[in-house]
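Notes to accompany the following structure.
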Amino acid sequence: MNKPQSFFHLHLISDATGETLLAAGRAASAQYKDARAIEHIYPLIRTEKQVAKVFEDIEEEPGIILYTVVDQKLARGIDERCATMGLPCVSVLEPVLTVFQSYLGTPAGRRVGAQHVLDADYFRRIDALNFTMDHDDGQLPANMDDADVVLIGISRTSKTPTSIYLANRGIKTANIPIVLGVPVPESLVYAQTPLIVGLIATAERISQVRQNRILSNTTSYEPTDYVDRAAINEELAYARQICTRHGWPMIDVSRRSIEETAAAIVALRGKNR
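Each residue of the sequence shown is one higher than the last, beginning at 313 in this note's numbering.
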């Protein structure tokens with residue numbers, strides 16, 4: 313008999329686009345068929361202030377921390393914060409750099425994002441990442457027409473990780489939460505440029521992810537509407553109603569990886585052009 317799938321938080325901190333971390337984290341996660349990672353990606357982290365903000369999020373949803381930060385002072389800060397919080401963390405590049413240094417007899421240059429060619433495509437991706445971070449979770453809703461894609465959905469439908477994945481491919485992506493009974497912003501309704509996509513999932517899937525989030529944050533747990541499947545079904549019905557009313561396509565993410573969801577969105581963009 314198969315074990316029920318469990319969920320854990322995986323925090324990926326990068327001073328560049330985060331692609332190296334994403335690949336490493338997913339390669340490791342794939343070895344655990346009964347546990348699924350809830351990915352939190354923090355690209356372009358290059359200052360102590362940014363690191364502090366990242367750890368505010370980690371405190372709310374603790375888990376495993378992987379990072380690629382070449383600035384040794386920032387890296388030490390990450391290690392110290394993780395040690396204080398009792399959380400496991402790994403500098404993904406450091407063991408590799410140590411081997412290179414030992415063999416080549418010279419230390420690494422410690423250049424941020426040195427693996428990327430500084431061409432027009434690279435800067436397009438960085439621009440998209442900056443845009444996506446600024447427009448996460450309903451921030452700056454007034455300029456939705458500047459987005460290539462806008463993802464909408466109720467809580468825990470993978471809007472943020474999917475947005476960052478698309479941004480890593482140069483697609484400016486905003487995401488807006490749907491809250492039961494609350495209309496979506498007018499700027500979204502009248503937007504002409506972006507592809508607007510609703511992300512949905514089964515009530516069972518969303519309830520599992522939400523329960524995992526609550527249990528990772530609290531020692532005592534009381535069931536609430538947040539994890540109640542009947543309440544979640546109401547939220548999903550409201551989300552579907554909004555998408556149907558405006559003719560926005562929907563993607564069920566229940567059994568899709570982030571990559572599969574992103575591929576479906578890219579395919580929709582191709583059809584809509």
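Each residue gets a CB set at the ideal place from its N, CA and C atoms; glycine is no exception.
For residue 572, the closest alpha carbon among the candidates 478, 343, 333 and 491 is that of 478.
Judged by DSSP in its simplified three-state form, residue 417 adopts coil rather than helix or strand. Taken atom to atom, the span from the alpha-carbon of residue 397 to that of residue 556 is near 45 Å. Judged by DSSP secondary structure, residue 369 falls within the alpha helix (DSSP H) whose first and last residues are 360-372. The beta-carbon distance between residue 492 and residue 581, rounded to whole angstroms, is 29 Å. This is too long to meet the 8 Å contact definition. Taking a contact to require three or more Cβ pairs closer than 8 Å, the region 318-329 and the region 356-375 qualify as touching. Burial state of residue 520 is buried, judged by a 10 Å Cβ sphere holding 16 or more other Cβ atoms. Around residue 551, the same chain offers 465, 466, 490, 510 and 512 as residues with beta carbons nearer than 7 Å, after the five sequence neighbours per side are excluded. Shown here for residue 337: same chain residues with a beta carbon closer than 6 Å to its own, the five before and five after excluded, namely 322, 324 and 378 in chain order. For residue 550, the enclosing alpha helix (DSSP H) begins and ends at 541-558.
Look at residue 403 here: in three-state DSSP terms it is strand. Between the alpha carbons of residue 524 and residue 345 lies a distance of about 17 Å. Residue 453 is not a Cβ neighbour of residue 570, given a cutoff of 8 Å. In this structure the region 480-487 does not lie against the region 359-375, because fewer than three pairs of beta carbons, one per stretch, are closer than 8 Å. The Cβ atoms of residue 554 and residue 496 sit closer than 8 Å to each other. The criterion of a C-beta distance shorter than 8 Å is satisfied by residue 320 and residue 376.
When DSSP states are grouped into helix, strand and coil, residue 579 belongs to the helix group. In the same chain as residue 522, and ignoring 5 residues on each side of it, the C-beta atoms closer than 6 Å to its own belong to 468, 538 and 539, in chain order. For residue 499, the uninterrupted alpha helix (DSSP H) segment begins and ends at 498-501.
Residue 445 has no beta-bridge partner at all, per DSSP.
Comparing alpha carbon positions, the residue from 574, 458 and 369 closest to residue 505 is 458. Here residue 380 is actually not in contact with residue 408; their C-beta atoms are around 10 Å apart, not less than 8 Å. In the DSSP assignment, residue 476 falls outside any beta strand (DSSP E) and lies within the alpha helix (DSSP H) extending over 471-479. Taking 8 Å as the cut-off, the beta carbon of residue 480 is found closer than this to the beta carbon of residue 331.
Judged by DSSP secondary structure, residue 511 falls within the beta strand (DSSP E) whose first and last residues are 507-512. Residue 447 sits away from residue 501, with the two beta carbons spaced by 8 Å or more.
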